[in-house]
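First up is the structure itself, then whatever we jot down about it.
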Amino acid sequence: MFTRKRLKIKLIFIQFFTIIPFLIFIFYIFDLWYDTRRSLVLNENLNYAKLVGENIKDFIVKEELITKIIWKSWLAKEQIN
Numbered sequence: 639m640f641t642r643k644r645l646k647i648k649l650i651f652i653q654f655f656t657i658i659p660f661l662i663f664i665f666y667i668f669d670l671w672y673d674t675r676r677s678l679v680l681n682e683n684l685n686y687a688k689l690v691g692e693n694i695k696d697f698i699v700k701e702e703l704i705t706k707i708i709w710k711s712w713l714a715k716e717q718i719n
């Protein structure tokens, strides 16, 4: 294409420096997307943790009620005997 080596080097630098702003813009957009995605994932994990915590709490309350019922029925049997 060109026979002059300096001109080729200058053209390569010019092409490289014209591409840099687009690369920076693409990396910036990707970083924004990644931060947004990460915050969405954290919010989703917090929601799941809250749901699991509520389910465990309900399970414990139900098990306490069942234990009280079984205990009262056992005491009633002991009083009869």
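Residue numbers (our numbering): 639 to 719. All C-beta atoms in this analysis are idealised placements derived from N, C-alpha and C, irrespective of residue type, glycine included.
For ARG644, the enclosing alpha helix (DSSP H) begins and ends at 643-718.
Distance from the CA of ASN683 to the CA of GLU702, rounded to the nearest whole angstrom, comes to 28 Å. When rounded, the separation of the alpha-carbon atoms in ILE658 and GLY691 is 49 Å. Within the model, the alpha-carbon separation for ILE662 versus ASN681 is close to 29 Å.
Going by C-alpha positions, ILE650 is about 56 Å away from LYS688.
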